[in-house]
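I have placed the structure first, in the form of structure tokens, so that the comments after it can refer back to it.
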Amino acid sequence: MPDVEIEGLSIALEKALAEYKEEVSASIEKAYADKAGELVKELKRTSPRDTGDYAKGWTKKKQKFADGVSYLVYNKEKPQITHLLEYGHAKAGGLGRVEGIPHIGPARDKIEAELKAEIEDIIRRGG
Numbered sequence: 552m553p554d555v556e557i558e559g560l561s562i563a564l565e566k567a568l569a570e571y572k573e574e575v576s577a578s579i580e581k582a583y584a585d586k587a588g589e590l591v592k593e594l595k596r597t598s599p600r601d602t603g604d605y606a607k608g609w610t611k612k613k614q615k616f617a618d619g620v621s622y623l624v625y626n627k628e629k630p631q632i633t634h635l636l637e638y639g640h641a642k643a644g645g646l647g648r649v650e651g652i653p654h655i656g657p658a659r660d661k662i663e664a665e666l667k668a669e670i671e672d673i674i675r676r677g678g
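Each residue of the sequence shown is one higher than the last, beginning at 552 in this note's numbering.
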């Protein structure tokens, strides 16, 4: 930080904090985008396969809000079966159950932990 007269300290501090906030915000937004992409790749890799359409259907969408952005990871090809494959379901005719194949939860948990560590690092480094 450059030498500052005592009268200009609050202005200099305010400017430094604004720069820090901008750098950290931009880095965190990039980390979110990168991790959303990694989650899509992980889901494509670990999803159950029959025809392959379900596994290929994973994608991400950027959503803008007044206070920032968010990324939605979803299956555009077969969204109606994600919960059935993840948690299982009753068999046709009601006799028995088909076991779930957990693939969404484990992938989300893995990427979430990596993102948390990356954000903590970004904050420590200051962007």
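Note that the Cβ used here is the ideal one computed from N, Cα and C, for glycine as well.
{"query": "Can you give me the Cβ contacts of residue 653 inside the same chain, cut-off strictly under 7 Å, excluding the 5 residues immediately before and after it?", "result": "637"}
{"query": "In chain order, which alpha helix (DSSP H) runs of at least 4 residues are fully inside the stretch 559 to 611?", "result": "560 to 597, 604 to 607"}
{"query": "Is there contact here, the stretch 653 to 673 with the stretch 624 to 640, by at least three beta-carbon pairs under 8 Å?", "result": "yes"}
{"query": "Report, in whole angstroms, the separation of the C-beta atoms of residue 673 and residue 575, which I expect to be a contact under 8 Å.", "result": "6 Å"}
{"query": "Mark residue 662 as exposed unless 16 or more other C-beta atoms lie within 10 angstroms of its C-beta, in which case mark it buried.", "result": "buried"}
{"query": "When the Cα atoms are used, what is the spatial distance from residue 664 to residue 671?", "result": "11 Å"}
{"query": "Expressed to the nearest angstrom, what Euclidean distance is found between the alpha-carbon atoms of residue 642 and residue 649?", "result": "6 Å"}
{"query": "Could you tell me if residue 568 is buried or exposed, where buried requires 16 or more neighbouring beta carbons within 10 angstroms of its beta carbon?", "result": "exposed"}
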